[in-house]
Amino acid sequence: MKQEELKKINNEIGAYVTHETKTIWVDEQTMQIATMMIDSYGDTVYVWVEEKGDRCLVSDGGRILFKLDPNEEDKELYKTAEDIALGSGYEFDEEHCEIYVNVARNNVAQAVMKLAQLQVAISYLG
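With my numbering applied, the sequence shown corresponds to residues 37 to 162, in that order.
As structure tokens, this is what we get:
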């Protein structure tokens, strides 16, 4: 492909992602992002971003594991999800079954998209 065609496709991809991603303020410091990703249940994948000074906490809010096993009965599922999260560079809060990462503001978009992809992958464990 010619360089112009590559640039056009990249711009179209960016426009598509922008159009399909919806962000709202939940409160003064927290955004809820409806990503373009769809999990194994056919549902939109959400990510929350909480501003904390010059850094942001990017989280699934414990949503994906709650969806897979709301009563926390499948300990192997939770351990596998924790291992996947940690192996992907994210943290795992055992008490709230939340996958999260604390990043600089300039890394929020990347962290959001990677966490959405991670949630899609974990959704197929259930």
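By construction, the Cβ of each residue, glycine as well, lies at the ideal position given by its N, Cα and C atoms. Since we're looking at a predicted model, the values are computed, not measured.
Should Ala-51 go down as buried or exposed, given a rule of 16 or more other Cβ atoms within 10 Å for buried?
exposed
**Prompt:** Out of Thr-59, Lys-38 and Asp-129, which has the shortest C-alpha to C-alpha gap to Gly-97?
**Reply:** Asp-129
In chain order, what residues of the same chain have a beta carbon less than 8 Å from the beta carbon of Val-156, not counting five sequence neighbours either side?
-> Met-73, Ile-74, Asp-75, Ser-76 and Val-81
Distance, Glu-118 Cα to Lys-150 Cα:
Distance between the alpha carbons of Lys-150 and Glu-118: 15 Å.
**Asked** Beta-carbon separation of Ile-8 and Val-148 under 8 Å?
**Response** The chain is shown from 37 up to 162; residue 8 falls before or after that span and cannot be answered.
Compute the Euclidean distance between the alpha carbons of Glu-112 and Ser-124, then round it to the nearest angstrom.
18 Å
Quiz item: Is Ser-95 helix, strand or coil by DSSP?
Solution: strand
- Message: I need the straight-line Cα distance from Asp-110 to Ile-120, nearest angstrom please.
- Response: About 16 Å.
* Asked: DSSP on Val-81, reduced to helix/strand/coil?
  -> strand
Distance between Val-83 and Ala-152 (C-alpha atoms, nearest Å)
7 Å
* Asked: Buried or exposed: Ile-34, going by 16 or more other Cβ atoms within 10 Å of its Cβ?
  -> The displayed coordinates of the chain run from 37 to 162. Any statement about residue 34 would go beyond what the structure contains.
| task | Report whether the distance from the Cβ of Leu-151 to the nearest heavy atom of the ligand SAH is below 7 Å. | result | Questions concerning the ligand SAH fall outside what the structure shown contains, since it holds no ligand whatsoever.
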